[in-house]
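Worksheet: one structure, shown below.
Numbering (my numbering), first residue to last: 1 to 78.
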């Protein structure tokens, strides 16, 4: 029983270490990506997404204009 509990505790510690490493990797990724983001890039990506939606057979209504954050406003989807 003692060996079984030690094994369980070891596996849990390894999983906690794995999650810690994964979280650090995600944090590093977010830091790197955020250095390259700016309002102009985000607006451009919003325009690209609107163009894709407008070309989609599933789109219902696309309203081009400025929403609250200056991005295209999209209405009428599911």
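All residues carry an ideal CB built from backbone N, CA and C; glycine is no exception.
Since we're looking at a predicted model, the values are computed, not measured.
Next on the checklist: I need the straight-line Cα distance from residue 8 to residue 21, nearest angstrom please.
Outcome noted: 20 Å
Checklist entry - Run through DSSP, which three-state label would residue 1 get? => result coil
Checklist entry - How is residue 37 classed by DSSP in three states: helix, strand or coil? => result Residue 37 falls in the coil class under three-state DSSP.
Checklist entry - Among residues of its own chain, excluding the 5 on either side of residue 30, which ones have a beta-carbon nearer than 6 Å to its beta-carbon? => result Leaving aside the five residues that flank residue 30 on each side, none in its chain has a CB nearer than 6 Å to its CB.
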